[in-house]
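Numbering (my numbering), first residue to last: 44 to 700. The beta-carbon is built from N, C-alpha and C at its ideal position, and this holds for glycine as well.
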Amino acid sequence: MIGDSIDAARLQEALDGRWAHIRQAVRDKLGKTGFAAVHGETGDEARDRISALIRRIPTDIGVASAFPKVYGGSDDPGGSVVAAEMLAYADLSLMVKAGVQWGLFGGAVVALGTERHHEAYLRGIIATEIMGCFAMTETGHGSDVQKLRTTCVYDPDTETFDLHTPHQAARKDYIGNAARDGRMAVVFAQLITQGRNRGVHAWLVPIRDADGNPMPGVTLSDAGHKAGLLGVDNGRISFDHVTVPRDMLLDRYGQVAADGTYSSPIDNDTRRFFTMLGTLVRGRVTVGGAASAATRAALTIAIRYGDIRRQFGVPGEDREVALNDYLAHQRKLLPALATSYAYAFAQEELVGTLADVQTGSGPVDEHRQRELESRAAGLKAMQTWHATHTIQMCREACGGAGYLSENRLPALKADTDVFTTFEGDNTVLLQLVAKGLLTGYRDAFGSLDGWGRATFVAEQVREMVLERTAARGLIQRLVGAVPGRDEEVAVTDRGWHLTMFEDREKHVLEGAIRRLRNGAATKKDRPFEIFNDVQDHVLKTATAHIDRITLEAFVAGIERTTDPAAQTLLNRVCDLYALVTIEADKGWFLEHGRLTPARSKAITTVINDLLAELRPHLRTLVDAFAIPDEWLNAAILREEPGRQEAMAEEDARVTTA
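What follows is the structure in structure tokens.
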């Protein structure tokens, strides 16, 4: 049973994790100094405010952590992700602006440039003396980066590149910092030298002079009014045969000699391209974490309001019922809250992996890099969809008050809506996850030509598929301890939860491979149709995989929690996450014989019991996020103390009567 009194600070310790010092530094330095979002601004007002604020952010709170120490950073990419996540609590426009400047623009210079670029530009980038853009996406090509149409042709006679936008579809679009503040851009284009296309590379290109005027040959325009993120100056960039010096090529992975000879440490063009993109994975990790931060802020507002807002009376009693006491309200808020806890632990584990991969000495472990990219893609998709669904639900849970700008929920909804699109469209990202699983199958069992002629050994596939989290030993013990048949196991047994998630993942992957093989037998010369015919199954495979690694991360987080009372509460929250995930997909579990109708009904009953058990701890669970009230900036919460006092007086009057 959950204890009566649980210290939210002990839960906060579990959530803050490895980078607790950065989280607290951001709270301490920005929590009461004018960094909260402002309601009712015009687009110009929001841009002016955010442009001023980004220059006021102290770099020692972590925003510059990913940069090398010699230039003012701390060689800690994980710390920079956490700092950005904390900024998302305060103002999502500020978080995105910071992400463009230090994550995308500065991060690309670090990852793709060499020492001469670092020495020339990083100090200015960190200090916001050089504001920059990350110019990858084009009007006609977003997710398919490999097919970008912007060209950069080398001329050995002048030792310069000719950067050109050949047609309107090749225009760089939706580019942060492009409309007003950007002075330079990392521009991605097709590198052409000696008459041969060497694929997409990146250049550091000035786009405005010191007075803010466009450089010769550069056309800049505003992307126009957006639904949200008003403080971010998204714009468009076109190039009309702009001359770029040879040394402005960010040439860590591809060099062009004075005579035009191309060389690279990676011979294969496709492998080189994906290696270059892989170094930029931090942006995707940041977006997922920021979406989850916004979701936690929305839940905090809705749950705290639900404690003070009363609606309808109890028959025979002279009192009204708090919203949070209604089962229907709990059914909205608590499963979303449990999922947010699960994603918090999954994100913490992902950021830890990012830090370990990107700060390790010696050659990059390609297997770990691919796993990092896959998990970053999948968690970004799931966290941003969770944000879209949950913030809308929180808005509805607050009734008309939730629609008022002064209560922040409309802004959270508008600002996070695009998160499902940028840093990779979610559907495309889930296909990346699934293709990684299929590649793992191929690596383990041989060529996937014809989609796998190897003998299918289910247990081998199970072990190959289930790339484990750091807590694999713990997971194995829990799974191995499951007693007897399913019908004899309590639906709250953690080993049973883990087994159900693993079994679903394994089964859907097996099914996807079978369908691909069957398609190859009849359409072997039409590879697009082979894959397109099973796209639904592929996406199911990816979501099952992310659900499983999220649950495992939650279990590992609970294991690390040192306070027994907090650990007990987290275990019940984890029960809720696991069971609502199974309940949401009970059609699959019933169709495939993993649940009986009776056990399916039992799960719903237990969920409702869990809601009642967790209801007294709702406020503690959101207080553990430790979001400063100044950042929440919701008028309905400023009324909270007075309403609570009035409710207490009313309850005392009713009790006396």
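Chain-order list of residues whose beta-carbon lies under 7 Å from that of residue i (same chain, five-residue window excluded)
i, result
"Met179", "Val188, Phe231"
"Met319", "Leu155, Tyr296"
"Glu363", "Arg353, Gln354, Phe355, Gly356"
"Gly260", "Phe282, Asp283, His284, Val285"
"Asn469", "Ala424, Thr427, Trp428, Thr463"
"Leu480", "Val508, Leu552, Thr584, His588"
"Thr498", "Residue placement at Thr498 is flagged as unreliable, the pLDDT there being 33, under the threshold of 50; a coordinate-derived value is accordingly withheld."
"Ala52", "none"
Candidates the options, of which the one nearest residue i by Cα
i, options, result
"Arg537", "Ala127, Arg520, Leu96", "Arg520"
"Gly600", "Pro257, Asp47, Gln55", "Gln55"
"Met425", "Val476, Thr402, Arg413", "Val476"
"Ser126", "Thr85, Leu293, Val394", "Looking at the sequence shown, residue 126 is not Ser but Ala. For Ala126, the nearest C-alpha among the options comes from Val394."
"Val551", "Ala524, Lys567, Asp568, Asp590", "Asp590"
"Ser186", "Arg66, Ala301, Lys112, Thr463", "Thr463"
"Asp216", "Leu165, Gly278, Met227, His207", "Gly278"
"Arg315", "Arg241, Met291, Val153, Thr304", "Arg241"
"Ala253", "Gly238, Val229, Gly225, Leu234", "Gly225"
"Gly523", "Leu541, Val534, Ala533", "Leu541"
"Ala457", "Trp631, Gly274, Leu472", "Gly274"
"Ile218", "Val649, Asn367, Asn256, Phe148", "Phe148"
"Gln233", "Val623, Thr194, Ala300, Leu447", "Thr194"
"Leu613", "Leu422, Gly121, Leu380", "Leu380"
"His210", "Ala609, Thr329, Ala133, Gly183", "Gly183"
"Leu323", "Thr433, Val153, Gly122, Cys617", "Val153"
"Thr203", "Glu626, Leu247, Glu84", "Leu247"
"Trp145", "Ala133, Ile100, Glu158", "Ile100"
Contacts around residue i, its chain only, beta-carbon distance under 6 Å, and the 5 residues preceding and following it disregarded
i, result
"Ala385", "Thr593, Phe597, Tyr620"
"Val500", "For Val500, the predicted structure reports a pLDDT of 32, less than 50, and the residue's modelled location is therefore unreliable. A value from the coordinates is still provided. Counting only Cβ-Cβ distances below 6 Å, and skipping sequence neighbours, we find nothing."
"Ala724", "Nothing in the structure corresponds to residue 724, since the chain is present only between 44 and 700."
"Thr639", "none"
"Thr565", "none"
Classification of residue i by the beta-carbon crowding that lies within 10 angstroms, buried from 16 upward
i, result
"Met44", "exposed"
"Glu531", "exposed"
"Asp302", "exposed"
"Lys567", "exposed"
"Ala419", "buried"
"Val581", "buried"
"Gly74", "buried"
"Glu572", "exposed"
"Val287", "buried"
"Asp618", "buried"
Three-state class that DSSP yields for residue i in the structure shown
i, result
"Val285", "strand"
"Gly149", "helix"
"Phe317", "helix"
"Ser48", "coil"
"Tyr132", "helix"
"Leu377", "helix"
"Gly349", "helix"
"Thr194", "strand"
"Leu447", "coil"
"Cys441", "coil"
"Val476", "helix"
"Glu466", "coil"
"Leu54", "helix"
"Ile280", "strand"
"Ala334", "helix"
"Ala178", "strand"
"Tyr164", "helix"
"Asp205", "strand"
"Phe388", "helix"
"Ile218", "strand"
"Gly297", "coil"
"His68", "Residue identity differs from the one stated: residue 68 is Ala in this sequence, not His. Reduced to three states, the DSSP call for Ala68 is helix."
"Ser307", "coil"
"Gly185", "coil"
Neighbour flag for residue i against chain B, beta carbons, 8 Å
i, result
"Thr180", "Protein chains in the displayed structure number just one, and chain B is not present."
Cβ shell of residue i (< 8 Å), same chain only, five flanking positions each side left out
i, result
"Arg70", "Met129, Ala669, Pro671"
"His372", "Gly349, Leu366, Ala440"
heavy atom of the ligand FAD below 7 Å from residue i C-beta
i, result
"Phe78", "For the ligand FAD, the structure offers nothing, since it holds no ligand at all."
Segments assigned beta strand (DSSP E), at least 3 residues, entirely inside the segment 223-271: Segments of the beta strand (DSSP E) lying fully in the segment 223-271: 227-236, 239-249, 261-265.
Length at least 3, wholly inside the segment 591-641: the beta strand (DSSP E) runs in chain order: Segments of the beta strand (DSSP E) lying fully in the segment 591-641: there are none.
Contiguous alpha helix (DSSP H) assignments of at least 4 residues, all confined to the segment 542-581: If we require 4 residues or more, the alpha helix (DSSP H) runs fully inside the segment 542-581 come out as 570-575.
Sequence ranges, alpha helix (DSSP H) only - wholly within the segment 73-143, length at least 4: Within the segment 73-143, the complete alpha helix (DSSP H) runs of at least 4 residues fall at 86-97, 120-133, 135-141.
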